[in-house]
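Chemist: Numbering of the sequence shown is given in my numbering, commencing with residue 2 and proceeding in unit increments.
Ideal Cβ placement from N, Cα and C applies to all residues, glycine included.
Treat the numbers as computed from the prediction; the structure is a model and nothing was measured.
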Amino acid sequence: MKKDMRLCVSLDLESSAENLALVEKIKDYDVWLKVGFRTYLRDGKKFLEDLKAINPNFKIFLDLKLYDIPNTMADAAEDISKFGLVDMFNVHASAGIEAMQTVMNRIKDIPNRPLVLAVTALTSFDNVGFKKIYGEDIDKKAREFAKATFEAGLDGVVCSAFESLDIKNSTSKEFITLCPGIRPFGEDSQDQKRVADINFSKENSVDFIVVGRPIYKNSDPKAVVERILENI
Ligand code: C5P
2 MKKDMRLCVS
12 LDLESSAENL
22 ALVEKIKDYD
32 VWLKVGFRTY
42 LRDGKKFLED
52 LKAINPNFKI
62 FLDLKLYDIP
72 NTMADAAEDI
82 SKFGLVDMFN
92 VHASAGIEAM
102 QTVMNRIKDI
112 PNRPLVLAVT
122 ALTSFDNVGF
132 KKIYGEDIDK
142 KAREFAKATF
152 EAGLDGVVCS
162 AFESLDIKNS
172 TSKEFITLCP
182 GIRPFGEDSQ
192 DQKRVADINF
202 SKENSVDFIV
212 VGRPIYKNSD
222 PKAVVERILE
232 NI
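1. What is the C-beta distance between residue 195 and residue 161, in whole angstroms, given that I count them as a contact (C-beta under 8 Å)?
2. Can you give me the start and stop residues for the alpha helix (DSSP H) that residue 133 sits inside?
3. Quick one: what's got a C-beta closer than 6 Å to residue 146's C-beta in the same chain, skipping five residues either side?
4. What's the gap between the Cα of residue 156 and the Cα of residue 117?
5. Residue 209 and residue 179 look like a contact to me (Cβ under 8 Å); what is the Cβ gap, rounded to whole Å?
6. Residues in its own chain within less than 6 Å of residue 26 by CB, not counting five upstream and five downstream?
7. Would you call the region 106 to 115 and the region 132 to 146 in contact, with 3 or more CB pairs under 8 Å?
8. Does the beta carbon of residue 222 fall short of 7 Å from some heavy atom of the ligand C5P?
9. Going by Cα to Cα distance, which pick from 48, 8 and 30 is closest to residue 14?
10. Tell me the rounded alpha-carbon separation between residue 144 and residue 227.
11. In the DSSP assignment, what residue or residues form a beta bridge with residue 89?
12. Under the assumption that residue 91 contacts residue 119 (Cβ atoms under 8 Å), give the Cβ distance between them as a whole number of angstroms.
13. Measuring CA to CA, which of 163, 153, 167 and 32 is closest to residue 181?
14. Looking at the unbroken beta strand (DSSP E) that takes in residue 178, where does it start and where does it end?
15. To which residues does DSSP link residue 46 through a beta bridge?
16. DSSP beta-bridge partners for residue 209?
17. Which same chain residues, not among the five before or five after residue 50, have their C-beta less than 8 Å away from its C-beta?
18. Hey, residue 12 and residue 23: beta-carbon distance below 8 Å or not?
19. Rounded to a whole number of angstroms, what is the C-alpha to C-alpha distance between residue 35 and residue 225?
20. Consider the C-beta atom of residue 124 and the heavy atoms of the ligand C5P; say whether any pair is separated by less than 7 Å.
21. Assign residue 21 to one of three DSSP states: helix, strand, or coil.
22. Take residue 76 as the anchor and find which of 169, 107, 128 and 189 has the nearest alpha-carbon.
23. Under the criterion of a Cβ to heavy atom distance below 7 Å, does residue 159 qualify as lining the ligand C5P?
24. DSSP state of residue 35, grouped into three classes?
25. What three-state label does DSSP hand residue 67 in the structure shown?
Here is the structure:
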């Protein structure tokens, strides 16, 4: 895959109604929609159907970051893939290569299977916090996780824009990088520790930028989406 960078909008608002109102405002744009824990736990599969009803061309990224024993992860991956509504979902690379392989083996023959990414390091970690848990520096460990993800046959990784190029160089240019922690035009970083803007993302060959609060907290989300799309 080497296309232009894509925008993935995070739907992290407090209610289904608010998320759907946001999506209505941006329904004419070619964007991906990211549905995370909060939204999926509350609104479930019906919410995914509601999104496709607004515009069937929307692509849906189900950001549940699966992490469990291999068989349980594969069961969940199979169900997600059979919904026929999800275009991409993710797992944690730290669940291990065996778990990732088990997931891919289980879904590889499902027609139009979703893309599968693995989370390397959460973008809310700084190096000190990361090292406490994983015992290594973020960039080194993120590269190792990415290599394991690539070997397991997944389509790409969730990483910070700071690791995107390095990960592509140590795997493949085609290996997808999807990067949260994006503040398109240098907006407030909030709880994200390693944030990057659009230009930095472009320079680092990021495939998908994920943007949440800079869009949905803005009084004119449509204008922000339009400005982002003009710049990517
Ligand atoms: O509002 P903001 O743009 O910071 O939202 C980023 C989104 O990306 C949130 O939904 C967050 O859960 C998600 N995410 C992240 N870091 C990761 C993976 C996902 O921030 N490594």
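Modeler: With the given structure in hand:
1. So it is a contact: roughly 5 Å between Cβ atoms.
2. Start and end: 128 to 135.
3. Cβ within range, chain order: 94 and 121.
4. Per the coordinates, the alpha-carbon of residue 156 lies some 5 Å from the alpha-carbon of residue 117.
5. So it is a contact: roughly 4 Å between Cβ atoms.
6. Once the five neighbours on either side are set aside, the close Cβ partners of residue 26 are 222 and 223.
7. The region 132 to 146 and the region 106 to 115 do not touch, with fewer than three beta-carbon pairs separated by less than 8 Å.
8. No; taking the cut-off as 7 Å, the Cβ of residue 222 has no heavy atom of the ligand C5P nearer than that.
9. The residue with the shortest Cα to Cα distance from residue 14 is 48.
10. Note on geometry: alpha-carbon atoms of residue 144 and residue 227 lie some 33 Å from one another.
11. BP columns for residue 89 point to 62 and 116.
12. Between residue 119 and residue 91 the Cβ distance is about 6 Å, and since that is below 8 Å, they are a contact.
13. Proximity to residue 181 across 163, 153, 167 and 32 peaks at 163, based on C-alpha coordinates.
14. Start and end: 177 to 180.
15. DSSP output for residue 46 lists no bridge partner at all.
16. Answer is 7 and 179, bridged to residue 209.
17. Counting only Cβ-Cβ distances below 8 Å, and skipping sequence neighbours, we find 86.
18. Yes, the pair counts as a contact, with Cβ atoms nearer than the cut-off.
19. Going from the Cα of residue 35 to the Cα of residue 225 covers about 17 Å.
20. Because some heavy atom of the ligand C5P lies under 7 Å away, the Cβ of residue 124 counts as near it: yes.
21. For residue 21, the secondary structure class from DSSP, reduced to helix, strand or coil, is helix.
22. Comparing Cα positions, the closest option is 107.
23. Flag set: Cβ of residue 159 near the ligand C5P.
24. Three-state DSSP puts residue 35 in a strand.
25. Strand.
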